[in-house]
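In this note's numbering, the protein residues as written are 56 to 927.
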């Protein structure tokens with residue numbers, strides 16, 4: 056026997072699930088509905104099928120092919136214009152010469168088709184309809200049968216006043232070829248509206264078979280979720296992919312589940328997924344193939360399709376997430392919400408219940424969405440953040456994205472411009488770097504690829520070459536799952552905001568120039584970048600003084616790529632060096648806060664044991680460092696900034712240094728004592744680099760409170776290797792141990808904190824704060840810095856996250872923390888004020904709405920006055 060599978064439906068009531076796919080391909084328990092139907096046919100010995108198609112027909116053809124993968128034979132009939140359920144079957148009449156079965160490819164069922172067929176044959180019926188009983192028959196065709204199961208009456212989608220039965224038509228039929236004589240080819244016919252009433256009027260043998268089992272037409276989003284829950288509960292007999300690892304829990308091959316995660320059945324997890332530590336997969340959850348569920352994420356009664364990423368501590372409750380979506384940490388999606396394909400939810404964003412987000416939409420970090428997003432694309436603010444472009448490797452930053460980014464950057468530059476590219480040693484960085492190179496050469500830009508190289512060496516190579524700029528790709532220092540892409544100008548420092556905006560505009564417009572075959576850029580691999588760096592390094596270091604001092608140092612390379620450059624530098628400086636972790640292993644080099652503390656303490660112990668002069672912990676990309684003095688004392692952050700400021704200013708007459716607005720006032724005290732001058736800059740690294748680059752001839756040193764230091768005569772960017780060499784030179788001159796120099800630093804007490812603040816609140820809160828402080832001493836270099844007698848507090852909005860940062864300095868630690876608490880409470884008051892004004896506005900709007908008179912849609916019209924839309 057042959058079967059005809061009706062698979063032409065659009066599934067409009069399932070949007071946005073069906074925006075990019077036909078309804079038969081919507082998955083239930085990780086398999087398309089139509090695949091469950093084909094499994095059912097095969098179970099009952101039906102292997103020859105004709106599939107009728109209309110909406111997105113190619114998607115179904117490419118998925119199932121000729122059916123050989125399922126040991127079935129499938130052929131297709133594609134309708135240019137819908138012909139109705141019966142008209143589409145009439146079109147394939149030549150393939151149906153014997154009794155055949157009609158079944159819907161987008162309704163889920165486990166009916167016993169063998170019993171249905173046998174009933175049809177026993178009754179010698181012309182047409183037999185599979186019937187079932189439902190609680191609410193309003194959305195279906197109601198059927199009345201007599202005691203002999205002969206059909207007596209039809210009624211399509213009745214009102215409650217018309218309901219005379221709870222027995223409905225399921226769209227599953229067994230038919231004889233004779234029915235085709237009652238239809239004309241290429242005319243619209245519907246079985247329940249046209250053909251069956253006609254056969255009934257002619258008193259043909261038309262029977263109904265009340266089937267026992269499960270049936271659901273999956274007609275709306277609520278039914279779709281329920282169908283998934285029913286499959287997991289076993290209410291419908293379907294083959295769930297995966298291996299049962301416990302009662303009601305199926306897991307696909309290649310999936311890794313951390314033993315410290317929690318999975319409560321019934322639940323199904325697809326192939327090649329990663330369930331991280333502390334993640335909770337609660338009952339009635341379905342997770343598709345290739346999904347990543349990060350630490351602490353919670354998924355409850357939710358359906359995730361293939362290739363989704365759920366960030367740390369994200370919470371999903373009763374929602375549906377289509378393919379290839381990214382939900383960042385602390386995102387929350389509520390009951391009944393639906394996310395279409397390729398959606399992006401920023402960190403801490405909230406999707407309210409029943410909200411539908413159509414495909415390819417982005418929700419910025421901290422945003423709350425309370426109504427459906429259908430039209431337009433909301434990009435998450437900006438591509439560029441505080442550290443270039445960052446994102447999850449191969450999830451947010453994919454090869455496709457990187458190639459497009461390279462093309463956008465190249466289109467910003469002139470044809471035949473030269474760009475220097477580099478990366479760390481991680482395979483993901485190599486992949487992204489090569490994709491960027493492809494994009495660059497495709498728009499006619501030539502590339503010098505340094506391959507694996509520390510960032511300072513790459514910056515120096517750009518500065519010393521005729522290159523127009525550079526791109527460096529690396530794993531984020533505190534998150535091994537994320538990649539950072541940094542763009543440098545011709546001086547080797549991060550590009551400015553104006554250049555970032557121009558690259559973004561080209562990227563979003565996809566306004567890439569096209570080049571002819573002979574204009575495609577070239578790729579070269581320079582080999583002397585490290586030697587060139589060495590030459591410049593020793594031109595600005597007093598090598599003889601350092602060699603005479605004969606320092607004994609302990610260096611922890613932190614498994615980073617400084618180990619490829621620094622040992623030769625220290626050898627020429629005559630240092631007795633003990634090296635730790637002097638090989639590249641980025642997974643071990645990317646440290647958690649606890650791992651970082653452990654490494655520093657280990658370094659301290661080794662320094663004191665070996666009686667070394669000092670120890671150094673270099674970050675994985677050789678830009679920043681932490682110091683350990685000869686007594687094992689840890690010198691980091693703003694204390695290290697003050698130490699280097701003291702060493703520089705005491706050695707340079709009328710010296711000028713630059714520090715960020717967040718640095719302690721002790722820097723000014725040191726400068727005043729030694730006749731120097733301090734320039735304050737904004738807190739971001741780019742601002743510090745720009746100031747030092749512009750003042751290269753008069754600014755001798757610049758630094759920030761996170762271990763990054765600049766000597767602009769060599770390179771106007773962070774460089775741990777040169778900074779350490781210069782420190783050794785200054786130590787050789789002073790001939791004083793580090794611990795003694797630290798005692799000369801004026802005491803300072805700093806505190807800092809961050810508080811959540813939505814994007815819409817930021818501007819209003821900062822305005823209220825400015826108004827509140829108008830009679831006080833205020834500095835507006837960055838954010839709002841309020842000065843008091845001997846203390847200050849600074850509030851700055853985060854440029855890329857929904858946060859406000861608070862910094863304070865006072866005469867003691869208690870005073871600094873008290874300032875933070877006081878201003879945090881004040882900002883909370885301002886937040887409540889913005890929330891209250893929104894609520895008042897909402898109440899006002901509600902009152903206005905109540906004045907509207909309800910009229911039928913036919914009588915509604917617009918009130919229009921020139922330049923004013925008055926209402927509907």
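Where a beta carbon is used, it is the ideal one built from N, C-alpha and C, also for glycine. No experiment lies behind these values; they were computed from the predicted model shown.
Residue environment, residue i, which counts as buried when at least 16 other CB atoms sit within 10 Å
{"i": "residue 552", "result": "exposed"}
{"i": "residue 425", "result": "exposed"}
{"i": "residue 563", "result": "exposed"}
{"i": "residue 126", "result": "exposed"}
{"i": "residue 242", "result": "exposed"}
{"i": "residue 130", "result": "exposed"}
{"i": "residue 191", "result": "exposed"}
{"i": "residue 829", "result": "exposed"}
{"i": "residue 76", "result": "buried"}
{"i": "residue 465", "result": "buried"}
{"i": "residue 775", "result": "buried"}
{"i": "residue 314", "result": "exposed"}
Contacts around residue i, its chain only, beta-carbon distance under 6 Å, and the 5 residues preceding and following it disregarded
{"i": "residue 207", "result": "199 and 201"}
{"i": "residue 387", "result": "370 and 405"}
{"i": "residue 375", "result": "358 and 393"}
{"i": "residue 546", "result": "518 and 748"}
{"i": "residue 9", "result": "Nothing about residue 9 can be reported from this structure: the residues present for the chain run from 56 to 927 only."}
{"i": "residue 905", "result": "Low confidence applies here, because residue 905 scores a pLDDT of 43, under 50, leaving its location unreliable; read the following figure in that light. There are no such residues."}
{"i": "residue 309", "result": "326 and 327"}
{"i": "residue 87", "result": "80"}
{"i": "residue 580", "result": "504"}
{"i": "residue 461", "result": "491, 494 and 495"}
Residue i, enclosing alpha helix (DSSP H) - first and last residue
{"i": "residue 745", "result": "740-749"}
{"i": "residue 498", "result": "Element bounds for residue 498: n/a, residue is neither H nor E."}
{"i": "residue 512", "result": "510-519"}
{"i": "residue 276", "result": "276-288"}
{"i": "residue 827", "result": "814-827"}
{"i": "residue 675", "result": "Taken as a continuous stretch (DSSP letters only), residue 675 belongs to no alpha helix (DSSP H), as it is neither H nor E."}
{"i": "residue 90", "result": "88-98"}
{"i": "residue 176", "result": "168-178"}
{"i": "residue 725", "result": "721-728"}
{"i": "residue 783", "result": "775-789"}
{"i": "residue 589", "result": "584-594"}
{"i": "residue 602", "result": "598-604"}
{"i": "residue 464", "result": "454-467"}
Close-in-space but distant-in-sequence residues of the same chain around residue i (CB under 8 Å, 5 per side omitted)
{"i": "residue 725", "result": "697, 700, 701, 704, 731, 800 and 801"}
{"i": "residue 588", "result": "511, 512, 515, 516 and 620"}
Secondary structure of residue i, DSSP reduced to three states
{"i": "residue 248", "result": "helix"}
{"i": "residue 409", "result": "coil"}
{"i": "residue 271", "result": "strand"}
{"i": "residue 551", "result": "coil"}
{"i": "residue 324", "result": "strand"}
{"i": "residue 667", "result": "coil"}
{"i": "residue 703", "result": "helix"}
{"i": "residue 381", "result": "strand"}
{"i": "residue 856", "result": "coil"}
{"i": "residue 736", "result": "strand"}
{"i": "residue 438", "result": "coil"}
{"i": "residue 149", "result": "helix"}
{"i": "residue 478", "result": "strand"}
{"i": "residue 298", "result": "strand"}
7 Å Cβ shell around residue i - same chain, five flanking residues per side excluded
{"i": "residue 282", "result": "83, 163, 271 and 273"}
{"i": "residue 520", "result": "475"}
{"i": "residue 239", "result": "none"}
Cβ-Cβ separation, residue j to residue i (assumed contact under 8 Å), whole Å
{"i": "residue 651", "j": "residue 636", "result": "Going by Cβ atoms, the distance from residue 651 to residue 636 rounds to 13 Å, so no, they are not a contact pair."}
{"i": "residue 857", "j": "residue 576", "result": "Not really, about 40 Å apart at Cβ, beyond 8 Å."}
{"i": "residue 439", "j": "residue 559", "result": "7 Å"}
{"i": "residue 536", "j": "residue 484", "result": "The Cβ separation is near 13 Å, so there is no contact."}
{"i": "residue 318", "j": "residue 295", "result": "The Cβ separation is near 15 Å, so there is no contact."}
{"i": "residue 603", "j": "residue 787", "result": "7 Å"}
{"i": "residue 264", "j": "residue 209", "result": "Rounded, the Cβ-Cβ distance is 15 Å, inconsistent with contact."}
Segment limits, beta strand (DSSP E) that includes residue i
{"i": "residue 715", "result": "711-715"}
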